[in-house]
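A.B. asks:
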Amino acid sequence: APKIIETNLELGFLLLEDLGNQTFLNAQQKNFELQHYKNAIDVLIDIQSLEIEAVNIPNYDAALLTTEMQLLIDWYLPVLSSEHHTQLQTIFALLSDNAQSTDQVFVHRDYHSRNLMLLENNELGVIDFQDAVVGSNTYDLVSLLKDAYFELKPTEVQVLLVYFYEQANIQNPFAKFEKQFDLMGLQRHLKVLGIFKRLSLRDGKHQYLADIPLVAKYVLAIANKYPELKSLSNILELANHQTHAMILAAGRGQRMMPLTANTPKPLIKVKNTTLIEHSINALKQAKITNIVINTSYLGEQLITHLGDGSKFGVRINYSDESAGALETAGGIIKALPLLGDKPFVVINSDVLCDYDLSKLTLPIGSLAHLVLIDNPPHNPNGDFSLVNNHQVTNVHGQSYTFSGIGIYHPDLFKSHLEFEQKLPLYPILKEAIANGQLSGEYHNGYWQDVGTPDRLKQANNS
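Mapping of the sequence shown onto the numbering used here: residues 111 to 572, in sequence order.
1) I'd like to check one pair, LYS286 with MET179: are the Cβ atoms closer than 8 Å?
2) Relative to the alpha-carbon of LEU293, which residue among GLU261, LEU346 and SER211 has its alpha-carbon at the smallest distance?
3) I need the straight-line Cα distance from GLU230 to LYS140, nearest angstrom please.
4) Between GLY423, LEU482 and ASN427, which has its C-alpha nearest VAL402's C-alpha?
5) Would you tell me roughly how many angstroms separate the C-alpha atoms of TYR78 and ASN208, rounded to the nearest one?
6) What is the DSSP secondary structure of GLN214, counted as helix, strand or coil?
7) Nearest CA to the CA of THR133: which residue from TYR249, PHE260, THR176 and LEU548?
8) Tell me which same chain residues have a C-beta within less than 7 Å of the C-beta of ASN350, skipping the five on either side of it?
9) What residues in its chain sit with their C-beta under 7 Å from that of GLN297, if we drop five residues either side in the sequence?
10) With DSSP collapsed to three states, give me the class of HIS354.
11) Just to check my reading of the structure: THR353 and ASN400 have Cβ atoms closer than 8 Å, yes? What is that Cβ distance to the nearest angstrom?
12) Quick one: Cα of HIS526 to Cα of LEU324, how far?
13) Mind checking who GLN501 pairs with in its DSSP beta bridge?
14) When you compare the CB positions of ASN308 and TRP185, do they come within less than 8 Å of one another, or not?
15) Express the C-alpha separation of THR117 and GLN277 in angstroms, rounding to a whole number.
16) In chain order, what residues of the same chain have a beta carbon less than 6 Å from the beta carbon of LEU348, not counting five sequence neighbours either side?
17) Assuming the contact rule is C-beta atoms closer than 8 Å, LEU181 and ILE305 should be a hit. Round their C-beta distance to whole Å, please.
18) For the stretch 125-166, list the beta strand (DSSP E) runs that are entirely contained and at least 3 residues long, ordered along the chain.
19) Ignore the nearest five residues each way along the sequence and tell me which others in VAL380's own chain have a CB closer than 8 Å to its CB.
20) Assuming LEU477 and ALA542 make a contact with CB atoms under 8 Å, what is their CB distance in whole Å?
21) Should LEU160 and PHE123 be called a contact, given that it needs their Cβ atoms to be closer than 8 Å?
22) Which stretch, first to last residue, makes up the alpha helix (DSSP H) that contains ILE413?
23) How long is the line joining the alpha carbons of GLY546 and LEU482, rounded to whole angstroms?
24) Taking ASN573 and ASN149 to be in contact with their CB atoms under 8 Å, please state how far apart those CB atoms are, rounded to whole angstroms.
25) Could you give the distance in angstroms between the alpha-carbon of ALA331 and the alpha-carbon of GLY417?
26) Among TYR536, ILE357 and ARG219, which has the Cα closest to the Cα of VAL243?
27) With a cut-off of 8 Å on the beta carbons, I'd call LEU255 and LEU234 a contact; round off their distance for me.
28) Does the ligand GDP have a heavy atom nearer than 7 Å to the CB of ASP521?
29) So, is TYR556 buried or exposed, given that buried needs 16 or more other C-beta atoms within 10 angstroms?
30) Taking the straight line between their C-alpha atoms, what separation do you get for ALA507 and GLN364?
31) Pick from TYR318, PRO537 and LYS524: whose alpha carbon is nearest that of LEU303?
32) Going straight from the alpha carbon of HIS78 to that of ILE322, what length do you get?
33) Compare the Cα-Cα distances from ILE357 to each of GLY516, PHE512 and ASN136 and report the closest residue.
34) Apart from the five residues on each side of it in sequence, which residues of its chain come closer than 8 Å, Cβ to Cβ, to PRO473?
35) Counting along the chain, where does the beta strand (DSSP E) carrying THR511 start and finish?
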């Protein structure tokens, strides 16, 4: 730790030694050395050997452990059902009991690559110790080996875990110790997900959003490893295998007149294939075969042409808006009973794009995830901005256009279910932005909006 040079306790000041600017993180990113981690473990074991009775720091008790995990619910997850809330509380209790069942030692509480300094002769400096507690002997080890800012290979984690086990002379069987380590890590990472989202939403520190995917990866790996955590895995499921999608096809196609005077726009052909068949083929290629299509203007032609979808190798259900098109969100809401209770893909029928729909997933903590593109000539100001290649915000600085391709959780629409109405999507997306629940990604491949005769010509000539 840095030496204390001067103190003024009345004013609350300490003057500390400067340990330089070579963090453990910077050193490992430049030139990874496993021995540095072994050195860090040696220092950690020395820290844990301190007599905890001699230090005046709080216990890492059940109340504090649970309060930390509650940050996941308060800041990160969408609105939970009462069943999911109960399941999480049960898991929180399991993780709290695990933490208190281990040897209780001095815990730095943030013993990771940004708070370790590499000094001369590869000695280690330790900073940022103000949140120290008396708690589990696995907590700081998790912070080091399952770092939110630097990912070790699984083989490296295992080697270092065994090294700690042997050097610290742990008496429990290794399998039991490893599970204690895993569950302690889960407690920490659930807390970190909530903290990182809070830092963005409350404090405007959006840079932490870039670290969320790694932490989420840690969480899901442990949730899927142990049967007793299956409910957590279900709650946090990334939905990697989408099965349902909706193609928006109820618009009148007014900008495409006179071509749409007697033909619905989705049946206009690009390179001898109807627009909607391009969409169906893209979904089928991604193995998304349960498709809902909303219909309004000349909808009977769509139904006659497509049928039940069997000739395309998919299953098609129709959501009737013949009484009047309900706009994007209104149409999705009406179709929700056909889309199930899992996240679903939505694409505009007048968009051609080479984006691989099999990659489209909904990150945990998001209610919607959009595919964004460079601004086309007809939308030069864009629709949204993208922070750290992850979080969608209102336009500031670099802007992007919404491609018409996205994935949505049914809960995105739950506050608008009371009655059928015309409802655009943008205000609902604004709500998700305000709650930090709208994510996105940038696609730089082929994209063409086929909304006018001129753009139709461009698509046919591309």
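A virtual CB, placed ideally from N, CA and C, is assigned to each residue, including glycine.
C.D. replies: So, from the listed chains and residues:
1) The residue given as residue 179 occupies position 69 in the sequence shown. The residue given as residue 286 occupies position 176 in the sequence shown. Result no, Cβ atoms of MET179 and LYS286 do not sit closer than 8 Å.
2) Residue mapping note: residue 293 aligns to position 183 of the sequence shown, counting from 1. Of the listed residues, the one whose Cα sits closest to LEU293 is SER211.
3) Within the sequence shown, residue 230 is the residue found at index 120, counting from 1. Within the sequence shown, residue 140 is the residue found at index 30, counting from 1. When rounded, the distance between both Cα atoms is 17 Å.
4) Looking up residue 402 in the sequence shown gives position 292. Minimum Cα distance to VAL402 is reached at ASN427.
5) Here the chain comprises residues numbered 111 to 572, so residue 78 is not present and cannot be evaluated.
6) If you number the sequence shown from 1, residue 214 lands on position 104. Three-state result, GLN214: strand.
7) Here residue 133 refers to the residue found at position 23 of the sequence shown. Nearest option by C-alpha distance: PHE260.
8) Counted from its first residue, the sequence shown places residue 350 at position 240. The predicted model places ASN350 with a pLDDT of 48, which falls under 50 and marks its position as unreliable; any figure quoted below should be read in that light. Cβ within range, chain order: THR471.
9) By one-based count along the sequence shown, residue 297 stands at place 187. So the list reads LEU175, MET179, LEU205 and ALA209, once near-sequence residues are dropped.
10) As a working mapping, residue 354 is identified with position 244 in the sequence shown. Looking at HIS354 - three-state DSSP - the assignment turns out to be strand.
11) Numbered from its first residue, the sequence shown carries residue 353 at position 243. Numbered from its first residue, the sequence shown carries residue 400 at position 290. Going by Cβ atoms, the distance from THR353 to ASN400 rounds to 5 Å, so yes, they are a contact pair.
12) Within the sequence shown, residue 526 is the residue found at index 416, counting from 1. Within the sequence shown, residue 324 is the residue found at index 214, counting from 1. Cα to Cα, the separation comes out at about 33 Å.
13) Within the sequence shown, the letter at position 391 stands for residue 501. Beta-bridge pairing links GLN501 to VAL497 and SER549.
14) Within the sequence shown, residue 308 is the residue found at index 198, counting from 1. Within the sequence shown, residue 185 is the residue found at index 75, counting from 1. Here the sequence assigns Arg to residue 308, which means Asn is not the residue at that position. Yes, the pair counts as a contact, with Cβ atoms nearer than the cut-off.
15) The residue you call residue 277 lines up with position 167 of the sequence shown. The residue you call residue 117 lines up with position 7 of the sequence shown. Straight-line Cα distance between these residues: approximately 36 Å.
16) Here residue 348 refers to the residue found at position 238 when the sequence shown is read from its first residue. In this predicted model, LEU348 has a pLDDT of only 46, less than 50, meaning its place in the structure is not dependable; the value taken from the coordinates is given anyway. Within the same chain, LEU348 has close Cβ partners THR471.
17) For the purposes of this step, residue 181 is identified with residue 71 of the sequence shown, where counting begins at 1. For the purposes of this step, residue 305 is identified with residue 195 of the sequence shown, where counting begins at 1. Indeed they touch by this definition, with Cβ atoms about 6 Å apart.
18) none
19) By one-based count along the sequence shown, residue 380 stands at place 270. Closer than 8 Å at Cβ, skipping near neighbours: HIS388, LEU462, VAL560, LEU566, ALA569 and ASN570.
20) Here residue 477 refers to the residue found at position 367 when the sequence shown is read from its first residue. Here residue 542 refers to the residue found at position 432 when the sequence shown is read from its first residue. That pair is a contact at about 5 Å.
21) For this step, residue 160 is matched to residue 50 along the sequence shown. For this step, residue 123 is matched to residue 13 along the sequence shown. No, Cβ-Cβ distance for LEU160 and PHE123 is not below 8 Å.
22) In the sequence shown, counting from the first residue as 1, residue 413 sits at position 303. Here the alpha helix (DSSP H) through ILE413 covers 409-416.
23) Mapped onto the sequence shown, residue 546 falls at position 436. Mapped onto the sequence shown, residue 482 falls at position 372. Whole-angstrom Cα-Cα distance: 17 Å.
24) As displayed, the chain neither begins before 111 nor continues past 572, which places residue 573 out of reach and without an answer.
25) Mapped onto the sequence shown, residue 331 falls at position 221. Mapped onto the sequence shown, residue 417 falls at position 307. Their Cα atoms are separated by approximately 42 Å.
26) Taking the first residue of the sequence shown as 1, we reach residue 243 at position 133. Cα-wise, what sits closest to VAL243 is ARG219.
27) Here residue 255 corresponds to residue number 145 of the sequence shown, with the count starting at 1. Here residue 234 corresponds to residue number 124 of the sequence shown, with the count starting at 1. Not quite, the Cβ-Cβ distance comes to about 15 Å (not below 8 Å), so this is no contact.
28) Among the components modelled here there is no ligand, and therefore nothing to report on the ligand GDP.
29) Residue mapping note: residue 556 aligns to position 446 of the sequence shown, counting from 1. Label assigned to TYR556: exposed.
30) Counted from its first residue, the sequence shown places residue 507 at position 397. Counted from its first residue, the sequence shown places residue 364 at position 254. With the sequence shown as reference, residue 507 is identified as Gly, and Ala is not the correct amino acid for it. Their backbone Cα atoms lie some 33 Å apart in a straight line.
31) As a working mapping, residue 303 is identified with position 193 in the sequence shown. The shortest C-alpha separation from LEU303 is found at TYR318.
32) This structure does not reach residue 78, given that the chain is present from 111 up to 572, and the question cannot be answered.
33) Numbered from 1 along the sequence shown, position 247 holds the residue referred to as residue 357. With distances taken between Cα atoms, ILE357 lies closest to GLY516.
34) Along the sequence shown, one-based indexing puts residue 473 at 363. If we look at PRO473 and ignore the five residues flanking it on each side, its Cβ neighbours are ILE322, PRO323, ALA326, LEU348, HIS479, HIS500 and SER549.
35) Position 401 of the sequence shown, counted from the start, is the residue given in the question as residue 511. Element bounds for THR511: 511-518.
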